[in-house]
Structure formats: structure tokens, C-alpha cells
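For reference, each letter of the sequence shown is one residue, going 49 to 628 in the working numbering.
By construction, the Cβ of each residue, glycine as well, lies at the ideal position given by its N, Cα and C atoms.
First comes the structure, then the notes that go with it.
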Amino acid sequence: MNLPFPKLCMLLSIACAMATGSARAGGGPEGVFLVVNPTSAESLAVANAFARLRGVPPINVFMLPWTGGDESTTIGRFRTEILAPILRAIDSRRLATQIDAVVYSSGFPWRIDYADELPAGLRANDTFPSGSLTGMTMLSAAVQSGTPAWLDPESNDYYRPLDASGVPATTAGFRGWYGWGSQGELLEAGGSRYLLATVLGVTAGRGNSVAEITAYLRSAAAADGTKPKGTIYFVTNTDVRTTTRSGVFPATVKALNALGVQAEIVNGTLPVRKRDVAGLMTGTPTFDWKASGSTILPGAICENLTSFGGIFTPSTGQTPLSEFLRAGAAGSSGTVIEPFSLQAKFPHAAIQVHYARGASLAEAFYQSVHAPYQLLVVGDPLCQPWASIPQVEVVNAADSAVLESGARVSGKLDLEPRATVPGGGTADRFELFVDGVRVAQAGLGERLTLDTTVMADGHHELRVVAIAATPVETQGRRVVDVMVANHDDGRALKLVVEPKRVDRSGTLRIAVNGTGIEGAVVFAMGRVLGRTNSAQESIEVPAEVLGLGPVTIRANGRSGSSPADGVNAAPVTIEVTGGR
């Protein structure tokens, strides 16, 4: 079923009235654009789990029907049927200044074949003309350029340059609107721009089940800020898969130790009987994780340099990256076609240093891969085990009271954001999001102002995000549900959904009970479920449309043409059950 995202949702989030210009923000769920294939039950279930675990706003969820297969597609179809609709949706929802990452649920092709667009002079030199879904999305500007600029071995300027020891001196937070120079410098104007890209999981072929993906996403979310007391292992042997990058292992271990993170170089293919694997880099065509007797800690990046780690068809004879995820890793990667043993196409050992400095999983990967076009990055992009996450509270200046969920607000709000950073440090700035859209920003000691009179009455979600004053720009947030009440005309809307727990073969009955409205729109996870033409009416929705897992249903009542003429119901969360 292909249901469009409601234009009214844009009004709910007051993007039209209050969208801001370029502000330094991102790195959290507000900066994620979650792409879901509604024709795939697995894609819906994985997206439901991630959105719930990470608090992805509904406006950041994009339903993109895809029936072209889950293994490969041509670059032409990728450009016109996947990439272009995603970029259009980001622009049309006025999210372009806040989106940092495109995150695919399962159900999309992991390989992009570009043979048809190679110039004649390059065809003889490119024996394996394919890229990955994530790599080609990250390099979207190159894909749109009409020339194969993605083949440049230094195509990613977000890659951190190495110092004399072979380890990068800096780790930088990523924002989608940042421009990067050819030496990795952040530019005030111009430069190369990217969107980080990951896949939450692959459910086809030798991938993972929905239950496995949900388990490692849950583990990854719980690992944030825990500073794992484990060891990052670097495994060496005589295989070119290891020797390609093992030369910098000693310097990398030294850099990790200096950060207070235990790291160790071991010989073989896997760490053996180690119960504290907080990260792993190895190089081997095949491995048996269970036989190693080792345990992966929550949040770990486990990575193997081999030719076909990102291929999920059964004929390669090499172990896919999904084995690390099955064992509990938060993320892994692998190439989707023969890449040859070129360091630039694989994560540098410094990926673990970036991660230990507090970068998110997606930031750590893309700061360490100079030519990411063939690398498929799979896992939770927001996982950040070593981050010092700001703790945020929000005070309503009108009464000097902490703003709590359930508060009734009206008129203009002056909000005083405050933050503490574990281990010391301060916030550099704060940003205010309403229903997922950034509407205001303030420096340390300044107030965030919100005019609620241009908003619909009823339920709204406010998020105040603190960005730490560090190069990594770690974020923390306070999420508060408020009830806006600017009108005394009897306008109201209640949403009733039954049953609260339904089998995927069943049907949901969704009733809107309103006064002072002409009708309502009911929506969930980025798409309209139905519309009513009266204030009190019911619709029925097949549960399978929503996908397995928790889903939050929302409704907006209409009484005029502007956002302020509407009213939002309090959302209702239900759960769709069934075999996984």
C-alpha cells in the first residue's frame, strides 16, 4: 500500500511558519531521515523498532515503495526511484537544514550497478562496476553529477587526515550542511557536502531476521554513553586482508590507551575466549564467531576486511557481516563486490579511535573511509558508547518552573535551556524542535522563544537539544509533550484506537471524537491512514499495513486553512503482534 505523507503534517509541525535557516544542528534522531519500504513487512517492522528506540519524529519517516528486488538495481533506477524521491521529500518537508543521515530500513537493494554509465575509457579498468546502497547515497552529489566521480579514491572529504603516526589528530562532528575541503577542513562556505548513510539491517539471503535486528538495535541504543569496560581487539595474521591495514595497529592501540580505552593486538582470525569485545578489526575470508568463545559487548563496531562481506547471496564462500550483528555488534560493514585489497575502500583502524572519542557509529565509519562507494554500512547510526551526553532540563521563564510533560501552554513561551555534561564541560548552544522540526536556536545563557499562537491547539512534542562545546558536538535532549491551549471556542479532539494489541492479521478501529472541527486526518509513521469528513467518525485499518511492533497513531482536526485553526489529539501507541 502506497500512502502519501500528509501535507497537513507539515502544518502540524509549523514548518511553514517557523522554519529556520542554516543552524549548527544534527547528530540525533531529529537529523535522521528514515526510509521505509511499505511493501515489505520486514522493512516496516525494523523501522517501527528503530523509530521507537531512537524517538525518530514522524515527519522524518519516509515511506518509499520499492518492488525492484532486495539484491541489486541499476544506477539509473537508484537515482530516479530511490535517491531522487528521498531528496525531494527532505526538501518538501523543509528538513534540508537539519537532516544529516539517510537511514534505510531493510527491503532495499544493497548493490547499485553502474556499468551503463561508465565512460568507454574506464570500462576496461573497472572489472566490477558496482557500488553499495549506503556508499552511493553518501556520495549522492557525485551520483547526481552525471560523471562517475564516486570512483575517486579520495571522494570523501569528511575522511579525517592522518598524522605522522598514522592516526588522525582530530575527530569532527558531522552536519549535513557542513562543507568539507580536500584536506578534511571544515569550510565556512563551499566545499563538499554529504549525507551519512546506513542500513539498519538486511533481511534477505544471508542477512539477519527481524528479531535479530531488533535485538542489536535495542542493545545499541542502551549502550549510549556507557563507556564500555571492555577491550577493542585488533587481529593480525599473514593474510593480505589483515596486512592491508595492520601497520597502524600499534599506533591505534596507543591512541586508544591514551583515551583510557583498553585495546590489544592478538594473532589469529578472531579473539579467542574473550568475554569483553568492545570492538574488533580483523581480516579473514571466513570465521565462526560461536566457535571463538568470545562475547561482543553492546555498542561494539566489529569489522572484517574481506571481499564479499557485504554480499548476502549464498554463493560467495565468505562470511557476511551479518554474523557480527547476530552476535550483538551495533554495526559492521562489508563490500558488495570485489574491491581488491585497497585500504581506501575499507575502514581505517582509526574508526575505533573516532568511536572512542565520542563519535556516533555513522560518524566513525565515514571519518575512516576515504572511498566509501563499495562499502555497505549496517547497524545503528546513532550509537555512541563513549560519548559524554549532555543532560538537559528546560525552565519556563514565566514561572521559573521546570517544563514537564502534560503542561498546558499558550501565547509566547520563553524557555531557559540548561545542560550539564558528565565529566565537565558545557553546552555550546541549544535548539528547539516542535513535532520534529527545528524552529529556534540559542546560545549558552540565552532563551528559546516559541510563539504557540501560530500552532494548532492540543498535543505537541517539544524537544530541546543541547550541543556540547566539543569538536564531536555530542547532543543530549529533553523531550516534553505539551498541550497548547490558545482558543476557548470548544475546539477539541480525542483519538480512540481499539484494540491496543492486535495481531497482524487483524483490523484496527480508529475513532475520532471532536468538537468544533470539520474533519480529521489520521496518520502514523510518515503516512496517512485515513481521513474523516465529520467531527465524530471511525475508520478501519488493516494491522498489516502498520508492520509488527509498536506504532504511534496521531490525528489532527481541521477547522480552517491555517495551522492555528487545527487541533491535535493526544497520540495513542498500539502494538502489532505476530510471527517474526
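Per DSSP, the beta bridge partners of F81 are V150.
By the neighbour-count definition (other C-beta atoms within 10 Å, threshold 16), L390 is an exposed residue. Unbroken alpha helix (DSSP H) stretches of 4 residues or longer found wholly inside the stretch 381-457: 399-404, 409-414, given in chain order. DSSP places V320 in the coil class of the three-state scheme, outside both helix and strand. Counting C-beta atoms within 10 angstroms of its own C-beta, T182 has 16 or more neighbours from the protein chains shown and is therefore classed as buried.
Residue range 475-482 is occupied by the beta strand (DSSP E) that includes F481, with no alpha helix (DSSP H) assigned at that position. In this structure, DSSP gives K548 a state outside helix and strand, which the three-state scheme calls coil. The C-alpha of H508 lies about 25 Å from the C-alpha of I437. Pairing K548 with A617 gives a Cβ-Cβ distance that is not under 8 Å. In this structure, F571 is the residue among V528, F571, R526, N534 with its C-alpha nearest to the C-alpha of V545. In the DSSP annotation of this structure, the continuous segment of the alpha helix (DSSP H) that includes G183 starts and ends at 181-186. When T87, P105, A220, I344 are compared, the shortest CA-CA separation from D529 is found for P105.
In chain order, D205, Y206, L234, L235, G239, S240, R241, Y242 place their CB closer than 8 Å to the CB of W228, counting only its own chain and leaving out the 5 sequence neighbours on each side. The straight-line gap separating the alpha-carbon atoms of R552 and A269 is approximately 26 Å.
Contact between the stretch 394-401 and the stretch 344-362 is present: 3 or more CB-CB pairs across the two stretches fall below 8 Å.
Here the C-alpha atom of T621 lies approximately 6 Å from the C-alpha atom of I601. The shortest CA-to-CA distance from Q422 to any of A252, V615, G554, L199 is the one to L199.
In the DSSP secondary-structure assignment, G562 is bridged to L541. Annotation: I138 is outside any beta strand (DSSP E); the continuous alpha helix (DSSP H) that includes it extends over 132-140. Annotated as proximal: G382 and G358, with beta-carbon spacing under 8 Å. With a cutoff of 8 Å on beta-carbon distance, S154 and T251 are scored as near each other. In its chain, beyond the 5 residues on either side, T334, F335 have a beta carbon closer than 6 Å to the beta carbon of T367. Judged by pairs of C-beta atoms under 8 Å, the stretch 555-568 does not touch the stretch 215-226, as fewer than three such pairs exist.
Rounded to whole angstroms, the separation of the alpha carbons of G232 and P216 is 11 Å.
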